[in-house]
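What follows is one structure encoded as structure tokens, with my remarks underneath.
Protein chains: 2
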Amino acid sequence: MKIAIDAMGGDNAPKEIVEGAVLAAKEFTDITLVLYGDEQKIKAYLPEGIANIEIVHTDEQIDSDDDPIKAVRRKKKASMVMAATAVKNKEADAIFSAGNTGALLTAGLLIIGRIKGIDRPGLLVTLPTINEENGTFQMMDVGANAECKPQNMNQFATLGSYYAKFVMGKSNPRVGLLNNGTEENKGNSLTKESYALLSENQDINFIGNVEARDLLQGAADVVVTDGFTGNAVLKTTEGTALSLMSLLKTNILESGLKGKVGGLLLKESLTSMKNMLDYSKYGGGVLFGLKAPVIKTHGSATREPVYQTIRQIRDILKSQVVPDLTAYYEEKAEHESTFIEN
Amino acid sequence: MKIAIDAMGGDNAPKEIVEGAVLAAKEFTDITLVLYGDEQKIKAYLPEGIANIEIVHTDEQIDSDDDPIKAVRRKKKASMVMAATAVKNKEADAIFSAGNTGALLTAGLLIIGRIKGIDRPGLLVTLPTINEENGTFQMMDVGANAECKPQNMNQFATLGSYYAKFVMGKSNPRVGLLNNGTEENKGNSLTKESYALLSENQDINFIGNVEARDLLQGAADVVVTDGFTGNAVLKTTEGTALSLMSLLKTNILESGLKGKVGGLLLKESLTSMKNMLDYSKYGGGVLFGLKAPVIKTHGSATREPVYQTIRQIRDILKSQVVPDLTAYYEEKAEHESTFIEN
Numbered sequence: 008m009k010i011a012i013d014a015m016g017g018d019n020a021p022k023e024i025v026e027g028a029v030l031a032a033k034e035f036t037d038i039t040l041v042l043y044g045d046e047q048k049i050k051a052y053l054p055e056g057i058a059n060i061e062i063v064h065t066d067e068q069i070d071s072d073d074d075p076i077k078a079v080r081r082k083k084k085a086s087m088v089m090a091a092t093a094v095k096n097k098e099a100d101a102i103f104s105a106g107n108t109g110a111l112l113t114a115g116l117l118i119i120g121r122i123k124g125i126d127r128p129g130l131l132v133t134l135p136t137i138n139e140e141n142g143t144f145q146m147m148d149v150g151a152n153a154e155c156k157p158q159n160m161n162q163f164a165t166l167g168s169y170y171a172k173f174v175m176g177k178s179n180p181r182v183g184l185l186n187n188g189t190e191e192n193k194g195n196s197l198t199k200e201s202y203a204l205l206s207e208n209q210d211i212n213f214i215g216n217v218e219a220r221d222l223l224q225g226a227a228d229v230v231v232t233d234g235f236t237g238n239a240v241l242k243t244t245e246g247t248a249l250s251l252m253s254l255l256k257t258n259i260l261e262s263g264l265k266g267k268v269g270g271l272l273l274k275e276s277l278t279s280m281k282n283m284l285d286y287s288k289y290g291g292g293v294l295f296g297l298k299a300p301v302i303k304t305h306g307s308a309t310r311e312p313v314y315q316t317i318r319q320i321r322d323i324l325k326s327q328v329v330p331d332l333t334a335y336y337e338e339k340a341e342h343e344s345t346f347i348e349n
Numbered sequence: 008m009k010i011a012i013d014a015m016g017g018d019n020a021p022k023e024i025v026e027g028a029v030l031a032a033k034e035f036t037d038i039t040l041v042l043y044g045d046e047q048k049i050k051a052y053l054p055e056g057i058a059n060i061e062i063v064h065t066d067e068q069i070d071s072d073d074d075p076i077k078a079v080r081r082k083k084k085a086s087m088v089m090a091a092t093a094v095k096n097k098e099a100d101a102i103f104s105a106g107n108t109g110a111l112l113t114a115g116l117l118i119i120g121r122i123k124g125i126d127r128p129g130l131l132v133t134l135p136t137i138n139e140e141n142g143t144f145q146m147m148d149v150g151a152n153a154e155c156k157p158q159n160m161n162q163f164a165t166l167g168s169y170y171a172k173f174v175m176g177k178s179n180p181r182v183g184l185l186n187n188g189t190e191e192n193k194g195n196s197l198t199k200e201s202y203a204l205l206s207e208n209q210d211i212n213f214i215g216n217v218e219a220r221d222l223l224q225g226a227a228d229v230v231v232t233d234g235f236t237g238n239a240v241l242k243t244t245e246g247t248a249l250s251l252m253s254l255l256k257t258n259i260l261e262s263g264l265k266g267k268v269g270g271l272l273l274k275e276s277l278t279s280m281k282n283m284l285d286y287s288k289y290g291g292g293v294l295f296g297l298k299a300p301v302i303k304t305h306g307s308a309t310r311e312p313v314y315q316t317i318r319q320i321r322d323i324l325k326s327q328v329v330p331d332l333t334a335y336y337e338e339k340a341e342h343e344s345t346f347i348e349n
């Protein structure tokens, strides 16, 4: 398994990217990591003698404020574009970047391309629940498509369900539609029409509408939503958790000696809570629905999340979820064309 | 000032509604509360000799699972419908219910009616920030309209801005559009078109797009959004806060003696944090854009939130925000008709 890595993407590139790659390369000897970027700068953080890390040198890179489409089309020698091209040419099996999100989505779509039968790939993230039995859930789309049609939502449901089965090992994942009420007739026109399609989708275990209030309780294993709402929900979860932790910290610091001692005694609890909320340990966002895994992690990612993301990509590759999805959609297309011919 | 109260609405009616009304009636002698509902049941919780509480008896009530439109049209003697009719007939100045939300929205629209010039009223809530300087913000719409047009969003901006000025006493409230990025060109077609309208709106202090991640930090005083997204963001905030508090509790309970002592020492901090997050102290959701204040509070509200909601309604009535808005839209309509005639 070969993973193409944009070593120049993100706020902490190439240092944290290279260091995360080193951690992963040492642990997983069944993968080879190819670092695209400035060889001199990469080598500064790369110890000698790691057999499963390669470097492909390039001077060019895509910046965070570059226009995504223009950058991907014009900067042919950018580290991200070269990494995506390697995947297209089957020289690598997946691509990972912490750089410009829009550019990575564009590179995924234009260079690597969609699985035949998927109209729009979506961004899938894995989030924790506070319910240990369920552990985690997938939400999709969290921002690739600000505008969605019911058929996109239905494809997200199938894609998310495949991910939960293959990569997360859930045998019969519960797929829920994010809506403003649990009753069948709730929602806007998009969720109402999506509800009808999801109900008829034979490939998923559709459990109906789920509300945003219940997601962290484990209301569903796969939460289907459009990219605008999903983005708002993801950012609200992050913002609320961060605000609460900072509020708690301020409260502890301002509550005198008693509070400070209390804070010290609870330090382990608070740290384990913070860790539980840190969803970067599940890896990055997967642009899912493409011919190969395309993974984006936070621009501010340090080596630990970079390592976790590479671990996640290895899991995805080992699970064979993308070839299986491709086969599924090809078979479906054949059935449909047979159906039309008859 | 007379407030019509649906004494039979909500999970804890009439007990908590009546007890909350009693608290408010005792504190605010400049208001009269009219309780609509079963006289016998109401009297069971009503001490003798409270001069500013009246009862209007009726046997009928709208249940939580009633179809909103049918219930409002057919149950003419329901406590909620009679309370709304009193407002329509100027026998009362505002209405409050903890009952069926859809029915209250319907009663507001059909019985009390819109301010001329407002196409769709929206549901406005007041939420806390963790930033003491800003204190609170208003978000609108959080669920009255699952489908919105740009002109609805623009009206929410004006309405919310009026509320922040008149009721919350902010001199120049910062109005932000909830979007999936802060740059001007971000969003779906609704937010892009809304951005253009808000930029041209002379009656507001538009500060551009705000992200869901930053709301609790006080990113804006008024957050404008469609009812579907607003509902998802509100419920995500609630769900994340509740999940975190329950996670912290579990962590403390499971962390042995050290953790328990720490928890005890931090009790005040944790309680003050919980109180800060409890936004029922700001009252209920205002269906704003109607000819009179229509206020909905949580179905599970106890007497304290009921009291707070009545306090809020008194603030709204004293602020004269609704007559002022009505005058503003009437004047605007005249200007526009003059403009068309010329």
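Line order of the protein sequences matches chains A and B.
Residue numbering for the first sequence follows the working numbering, starting at 8 and increasing by one per position.
Residue numbering for the second sequence follows the working numbering, starting at 8 and increasing by one per position.
Glycine included, each C-beta is placed from N, C-alpha and C at the ideal position.
So the alpha helix (DSSP H) residue i belongs to, where does it begin and stop?
i              : result
F163 (chain B) : P157 to F173
R321 (chain B) : R310 to S326
Y202 (chain A) : S196 to E207
L284 (chain A) : K274 to L284
Under 6 Å from any heavy atom of the ligand FAD, does the C-beta of residue i make it?
i              : result
I211 (chain B) : As for the ligand FAD, it is missing from this structure, which has no ligand bound.
For the putative contact between residue i and residue j, defined by C-beta atoms under 8 Å, what is the C-beta separation to the nearest angstrom?
i              : j              : result
G115 (chain A) : N152 (chain A) : Wrong, their Cβ atoms sit about 13 Å apart, outside the cutoff.
G296 (chain B) : R121 (chain B) : 6 Å
A248 (chain A) : I211 (chain A) : A248 (chain A) to I211 (chain A), Cβ: 29 Å. No contact.
G16 (chain A)  : N107 (chain A) : 7 Å
N216 (chain B) : T189 (chain B) : 5 Å
L205 (chain A) : N161 (chain A) : 6 Å
For residue i, collect the residues of the same chain with a Cβ closer than 7 Å to its Cβ; drop the 5 residues on either side in sequence, then sort them by chain order.
i              : result
V79 (chain B)  : V88, A110, T113, A114 and L117
E337 (chain A) : K123
N138 (chain B) : Q224 and G225
E207 (chain B) : none
Return the chain-ordered list of same chain residues with a C-beta closer than 8 Å to the C-beta of residue i, the five sequence neighbours on each side being excluded.
i              : result
L255 (chain B) : L277
G266 (chain B) : N258, I259 and L260
E341 (chain A) : none
N349 (chain B) : Unreliable placement is indicated for N349 (chain B), whose pLDDT of 49 sits below 50; no coordinate value is reported for it.
I214 (chain A) : R181, V182, G183 and A227
Determine which residues share a DSSP beta bridge with residue i and list them.
i              : result
I24 (chain B)  : In the DSSP output, where bridge partners are listed per residue, I24 (chain B) has none listed.
A248 (chain B) : In the DSSP output, where bridge partners are listed per residue, A248 (chain B) has none listed.
G215 (chain B) : B:G183
V29 (chain A)  : In DSSP, V29 (chain A) forms no bridge with anything.
L297 (chain A) : A:R121
I302 (chain A) : A:F103 and A:V293
E61 (chain A)  : A:V41
Can you name, in chain order, every residue of its own chain whose Cβ lies under 6 Å from the Cβ of residue i, other than the five neighbours on each side?
i              : result
V229 (chain A) : Q145, G167, S168, A171, P180 and V182
V42 (chain A)  : Contrary to the premise, residue 42 (chain A) reads as Leu rather than Val in this sequence. Result list for L42 (chain A): I12, A14, I49 and I62, in chain order.
A203 (chain B) : none
G234 (chain A) : D148, G150, A151, N152 and A153
D331 (chain B) : none
G292 (chain B) : L130, V132 and K303
Y52 (chain B)  : K22, V25 and E26
K95 (chain B)  : I118 and I119
I102 (chain B) : A11, A90, A91, V94 and V301
I317 (chain A) : A31
V35 (chain B)  : The sequence given here places Phe at residue 35 (chain B); Val does not occur at that position. Closer than 6 Å at Cβ, skipping near neighbours: R321.
T232 (chain B) : L185
From which residue to which residue does the beta strand (DSSP E) around residue i run?
i              : result
L40 (chain A)  : T39 to G44
K177 (chain A) : Run containing K177 (chain A): none; DSSP gives neither H nor E here.
I10 (chain B)  : K9 to D13
Task: Continuous alpha helix (DSSP H) assignments of at least 4 residues falling wholly in the stretch 63 to 120 of chain A - done: 75 to 81, 86 to 95 and 108 to 114
Open item on the list: List, from N- to C-terminal side, the beta strand (DSSP E) runs of 3 residues or more that fit wholly inside the stretch 121 to 154 of chain B.
Closed with: 129 to 135 and 143 to 147
Open item on the list: Runs of 3 residues minimum, wholly inside the stretch 219 to 247 of chain A: which ones carry the beta strand (DSSP E) assignment?
Closed with: 229 to 231
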